[in-house]
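In this note's numbering, the protein residues as written are 225 to 300.
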């Protein structure tokens, strides 16, 4: 596609995730389910170096309470 390029913000499921501000430390005891970066190759924009992360507590994950998922949005 003309004008299309992959950036540096990763698309990620689980694991550590990318920290821009404080979401990683704010959710230190939680599990990262999904991370979407502004330039992850999807036709979606989150602003300049923006990142969306979906978090769940270990207890809610163990009990499949996905209605308890929390979202954070950070950008530079």
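Note that CB positions come from ideal geometry on N, CA and C, so glycine has one too.
**Asked** Alpha carbon to alpha carbon, what distance is there between residue 258 and residue 333?
**Response** This structure cannot speak to residue 333, because the chain is shown only from 225 to 300.
*Which residue or residues does DSSP assign as beta-bridge partners of residue 236?*
Working through the chain shown from its first residue, we reach residue 236 at position 12. According to DSSP, residue 236 bridges with 259.
Check the C-beta distance from residue 220 over to residue 255 and give it rounded, since I have them as a contact under 8 Å.
Here the chain has residues from 225 to 300 only, and residue 220 is not among them.
_Reference residue 252; option with closest CA among 300, 239 and 260_ = To locate residue 252, count along the chain shown from 1; it is residue 28. Checked all of 300, 239 and 260; the closest Cα to residue 252 is 239.
Worksheet item: Going by the beta-carbon positions, is the gap between residue 285 and residue 260 smaller than 8 Å?
Response: Taking the chain shown and counting its residues from 1, one reaches residue 285 at position 61. Taking the chain shown and counting its residues from 1, one reaches residue 260 at position 36. Cβ distance not < 8 Å, so residue 285 and residue 260 don't count as in contact.
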